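The structure appears right after this line, and notes come after that.
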Amino acid sequence: MSGNTREHLVNHMRCHTGERPFVCTECGKSFPLKGNLLFHMRSHNKGSNAERPFRCDLCPKDFMCKGHLVSHRRSHSDERPHSCPDCGKTFVEKGNMLRHLRKHAAEGPPTQVSTPSAIPQSGVLPIPAAAVLVGHPLAPPAPPVVPQHTVVVPTPPGVLTSY
55 MSGNTREHLV NHMRCHTGER PFVCTECGKS FPLKGNLLFH MRSHNKGSNA
105 ERPFRCDLCP KDFMCKGHLV SHRRSHSDER PHSCPDCGKT FVEKGNMLRH
155 LRKHAAEGPP TQVSTPSAIP QSGVLPIPAA AVLVGHPLAP PAPPVVPQHT
205 VVVPTPPGVL TSY
């Protein structure tokens, strides 16, 4: 195993162990990766434009990363690209939509698409709120799959059951 691959494995394993060895000296917040800490440290340098290079051309705000600027720019328009598949409510930021979906999950099962006419005009199929986190290490475990129709056929005497 090469050093680089081993380092990636060690970093990945922190997802499972919860280890957060990189601690901010300013506020004490800890992180699993050194890069996460370095990015966080920029948040303590609010007065430095060099640390916040992404500037809005419509107002005096500036941001640490381009994605934050893109989200902020939507506040100057009516763009709300993220919509709830259950109720259609729209959101500027994906994280706000995910938080909203958790409310639906607490209320019970989401609406399912049953016919082609139920597909929204946007062409985006509704998905269950829980499906958003499928495969993520922090997602709740999936319920066991139980076959819907299991038929047990008794083996007549004298018939081989193994090869």
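Numbering (the working numbering), first residue to last: 55 to 217.
Cβ atoms here follow ideal geometry from the backbone N, Cα and C, with glycine treated the same way.
These numbers were taken from a predicted model, which means no experiment stands behind them.
With the cut-off set at 7 Å, would you say residue i and residue j are in Cβ contact?
{"i": "HIS94", "j": "CYS119", "result": "no"}
{"i": "ARG68", "j": "PRO86", "result": "yes"}
{"i": "CYS110", "j": "HIS126", "result": "yes"}
{"i": "SER84", "j": "ARG74", "result": "yes"}
{"i": "VAL124", "j": "ARG134", "result": "no"}
{"i": "LEU91", "j": "PHE108", "result": "no"}
{"i": "HIS98", "j": "GLU80", "result": "yes"}
What's the gap between the Cα of residue i and the Cα of residue j?
{"i": "ARG128", "j": "GLY89", "result": "28 Å"}
{"i": "LEU152", "j": "ASN58", "result": "34 Å"}
{"i": "ALA159", "j": "HIS70", "result": "25 Å"}
{"i": "CYS113", "j": "GLY121", "result": "17 Å"}
{"i": "GLU161", "j": "PRO211", "result": "52 Å"}
{"i": "LYS143", "j": "HIS154", "result": "9 Å"}
{"i": "PRO139", "j": "ASP132", "result": "19 Å"}
{"i": "HIS62", "j": "GLY72", "result": "15 Å"}
Reducing DSSP to helix, strand and coil, say where residue i ends up.
{"i": "THR59", "result": "helix"}
{"i": "THR71", "result": "helix"}
{"i": "ARG106", "result": "coil"}
{"i": "VAL146", "result": "coil"}
{"i": "SER137", "result": "strand"}
{"i": "SER131", "result": "coil"}
Looking at C-alpha atoms only, which residue of the options is the closest neighbour of residue i?
{"i": "GLU105", "options": "CYS113, PHE117 and LEU112", "result": "PHE117"}
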